[in-house]
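Okay, structure first, notes after.
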Amino acid sequence: MAVEDDNETIEKNCSEPAVHEFPEDIFTNRERTRGAVLLHIFAATYMFLALAIVCDDYFVTSLEKICEKLHLSEDVAGATFMAAGSSAPELFASIIGVFITHGDVGVGTIVGSAVFNILCIIGVCGIFAGQVVYLTRFAVFRDSFYYTLSVVALIVFIYDGRIVWWESLILMVMYIGYIVIMKFNTSMQNYFSGKDDKGVANGNAVISELEDGNACYEQFWDDPTWPLLSSVKPTKMYTRGSVVMVDEMMNSSPPNYRFPEAGLRVMITNHFGPKTRLRMASRLIINEQQRLMQASNGVDGALVSDGKADTLENGIMAEDKLTEDEDNELSSPFSLPAGGVMNILKFIFSWPILVLLYFTVPNCAKPRWERFFMLSFFLSTLWIAVFSYFMVWMVTIIGYTLGIPDVIMGITFLAAGTSVPDCIASLIVARQGLGDMAVSNTIGSNVFDILVGLGVPWGIQTMAVNYGSVVVINSRGLVYSVVLLLGSVALTVLGIHVNKWKLDFKLGMYVLILYGVFLCFSILIEYNVFTFVNLPMCQEGL
């Protein structure tokens, strides 16, 4: 946001750096250029880790409890609270950009994160899946179509470099429309696929409809690549809610399915929101790998023989069977994790964050803290805001020291840092053949980033903080970057279509090349290589 009331800055032939909007750094610019900037890079990286931990272990868990208490359907929950959980770092980076730095770092982060999510994550999934994964056409078309509308609206609104109140309002209303679409997602999918609501979706039968944990029920599986239960008949099940017992499915399923395959197919049903499905799948894989390592050391996983599973083979306990000791060990920073040396090193590296959050935020994943889910929500939100502030502060200092514009730092460093956890989770599930889930998730979550991540901060500024004011977009190059974003979405969907809706190595390489092209063009545009779009950033003497 330009400083319109300062006559001195208007006449300058350079733009004021956002670094002056933060507290003064303890190092001078000379000291940073001589090596102290490495400390800032380390601090920014550590903030990425802190955000990943607080979002995954506390914020998302509290949102799941809120959705449960509000009795939201999974599709609506996934499009609202779950999307907020996965995109919280980008949202707070945007808020900081509007209200603190008055610059474009927040917009750059969201645009860069969107491209990273679509191109880089899909590319990683395609290259490392190790097999051909067939994508669901309806899900890709639905999310791509609405995302394209969102990007087009963003281009129209930022073209003149000024955001007014009604433009931010339109973005927020568009997101309400997306929630409505997700509310009727199943009916729409059945309509476009030519099947009625009581038919078998995508040709795969599934078992559902539990009554008191002991009834026969039917449900739909919406993934055409996993016909796990195509021959399973309703059986007696002893569980709660909508979780299907894995051991009974294993007994009814073809014998060539191993436990991770059966377990993952249970956890990716449409009972769960897209982010929850993705992250639960990755956790199940990791848990199973750890169980196998323990079994090789003579520690066997607990098995069931009476049909009432108290523990699953992957070590996940039934919620109502947790003892106090097990409750204390859950996410405790005072016990070393199972696994190899890398797990222990990661635990030691993140230990200060784990201890800080352990004593300041109640973990509502534990039964004894479950009723404090609202407190967990507010406290984790506070920590996300604090970590995001330090993250943007450090990245702004890094960019200023190296002479890199804020927009480029947002499109590259901040975007990659806030999206790495999702990339890792997508890679884990892609290696198990679940690339379809990862692809649908990456495109759908970007709708939240643009419509809410930008619309809400702009709306608060123009309608609440200072009614009738405008948010000024400093960088003209952002318009070109968003146009490149629109082109990357179109080329990605075109590539998927030409590749016959298959996610494989060829498609992965194709989208990664697109990501490299996007970064190159965005950087060249910001540096005025093709045409003049930005004033250079003002630099102080060394």
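In full-length UniProt numbering, the protein residues as written are 1 to 542. Ideal Cβ placement from N, Cα and C applies to all residues, glycine included. Quick caveat, the model's predicted, so the values are computed rather than measured.
Measuring CA to CA, which of the options is closest to residue i?
{"i": "Leu503", "options": "Ile127, Leu51, Ser87", "result": "Ile127"}
{"i": "Thr462", "options": "Thr33, Leu72, Glu167", "result": "Glu167"}
{"i": "Ser332", "options": "Thr45, Glu31, Tyr58", "result": "Tyr58"}
{"i": "Ala114", "options": "Leu451, Met509, Val465", "result": "Leu451"}
{"i": "Asp25", "options": "Tyr400, Ile443, Ile176, Thr418", "result": "Tyr400"}
{"i": "Ser350", "options": "Glu16, Val54, His20, Ile41", "result": "Val54"}
{"i": "Leu491", "options": "Tyr527, Tyr515, Gly468", "result": "Tyr515"}
{"i": "Leu484", "options": "Glu90, Val465, Phe81, Gly108", "result": "Gly108"}
{"i": "Gln189", "options": "Arg142, Tyr178, Ile170, Ile176", "result": "Arg142"}
{"i": "Asn172", "options": "Gly161, Ala153, Thr186, Met182", "result": "The sequence as given places Met at residue 172; Asn does not occur at that position. Closest by alpha carbon: Ala153."}
{"i": "Ala415", "options": "Ile460, Val156, Val132, Val395", "result": "Val395"}
{"i": "Glu90", "options": "Ile411, Glu370, Ile158", "result": "Ile411"}
{"i": "Val140", "options": "Pro352, Val439, Ser62, Ala50", "result": "Val439"}
{"i": "Leu354", "options": "Pro367, Ser380, Met537", "result": "Ser380"}
{"i": "residue 543", "options": "Val132, Ile100, Lys65, His71", "result": "Residue 543 lies beyond the range of the chain shown here (1 to 542); nothing can be said about it."}
{"i": "Ala365", "options": "Val60, Glu31, Gly453, Ala36", "result": "Val60"}
{"i": "Val511", "options": "Phe530, Phe532, Val489, Tyr527", "result": "Val489"}
{"i": "Ser419", "options": "Ile155, Leu51, Lys69, Asn343", "result": "Leu51"}
{"i": "Phe390", "options": "Ser144, Thr33, Phe48", "result": "Phe48"}
{"i": "Ala193", "options": "Gly112, Ile513, Val493, Phe138", "result": "Here the sequence assigns Ser to residue 193, which means Ala is not the residue at that position. Checked all of Gly112, Ile513, Val493, Phe138; the closest Cα to Ser193 is Phe138."}
{"i": "Ile66", "options": "Ile121, Phe372, Tyr46, Val470", "result": "Phe372"}
{"i": "Arg162", "options": "Cys538, Leu507, Leu478", "result": "Leu478"}
{"i": "Pro352", "options": "Leu38, Phe42, Pro23, Tyr46", "result": "Tyr46"}
{"i": "Leu119", "options": "Leu535, Leu486, Cys538", "result": "Leu486"}
{"i": "Leu507", "options": "Gly123, Ser469, Val386, Leu454", "result": "Gly123"}
{"i": "Val156", "options": "Cys538, Thr531, Arg476, Val493", "result": "Arg476"}
{"i": "Glu21", "options": "Val98, Ile170, Thr28, Pro362", "result": "Val98"}
{"i": "Val456", "options": "Thr531, Leu427, Ser94", "result": "Ser94"}
{"i": "Val470", "options": "Ile158, Leu38, Phe27, Lys69", "result": "Ile158"}
{"i": "Val517", "options": "Ser481, Cys538, Phe377, Tyr527", "result": "Ser481"}
Run through the DSSP bridge pairs and tell me what residue i is partnered with.
{"i": "Val472", "result": "Arg162"}
{"i": "Ala503", "result": "Going by the sequence as given, residue 503 is Leu instead of Ala. The partner list for Leu503 (beta bridge, DSSP) reads Val133."}
{"i": "Ser15", "result": "Met537"}
Got a sec, what are the start and stop residues for the alpha helix (DSSP H) residue i sits in?
{"i": "Glu90", "result": "88-99"}
{"i": "Val37", "result": "37-54"}
{"i": "Cys364", "result": "Per DSSP, Cys364 belongs to no alpha helix (DSSP H) and is neither H nor E."}
{"i": "Glu64", "result": "60-70"}
{"i": "Gly477", "result": "477-498"}
{"i": "Ile122", "result": "122-128"}
{"i": "Met463", "result": "Run containing Met463: none; DSSP gives neither H nor E here."}
{"i": "residue 543", "result": "Here the chain comprises residues numbered 1 to 542, so residue 543 is not present and cannot be evaluated."}
{"i": "Phe192", "result": "185-192"}
Decide if residue i is buried, meaning its Cβ has at least 16 other Cβ atoms within 10 Å, or exposed.
{"i": "Ala18", "result": "buried"}
{"i": "Phe448", "result": "buried"}
{"i": "His497", "result": "exposed"}
{"i": "Lys346", "result": "exposed"}
{"i": "Trp383", "result": "buried"}
{"i": "Ser231", "result": "No answer about Ser231 holds up, because its pLDDT of 37 lies below 50 and its placement is not dependable."}
{"i": "Leu524", "result": "exposed"}
{"i": "Trp458", "result": "buried"}
{"i": "Cys14", "result": "exposed"}
{"i": "Cys520", "result": "exposed"}
{"i": "Tyr191", "result": "exposed"}
{"i": "Ser187", "result": "exposed"}
{"i": "Glu16", "result": "buried"}
{"i": "Thr360", "result": "exposed"}
{"i": "Met374", "result": "exposed"}
{"i": "Glu64", "result": "buried"}
{"i": "Tyr146", "result": "buried"}
{"i": "Asp406", "result": "buried"}
{"i": "Cys71", "result": "Just to set this straight, residue 71 is His in the shown sequence, not Cys. Answer is exposed; the Cβ neighbour count stays below 16."}
{"i": "Arg30", "result": "exposed"}
{"i": "Arg368", "result": "exposed"}
{"i": "Arg32", "result": "buried"}
Item to complete: Would you mind listing the alpha helix (DSSP H) stretches within the segment 384-424 that are 4+ residues and don't spill past its ends, in chain order?
Response: 406-409
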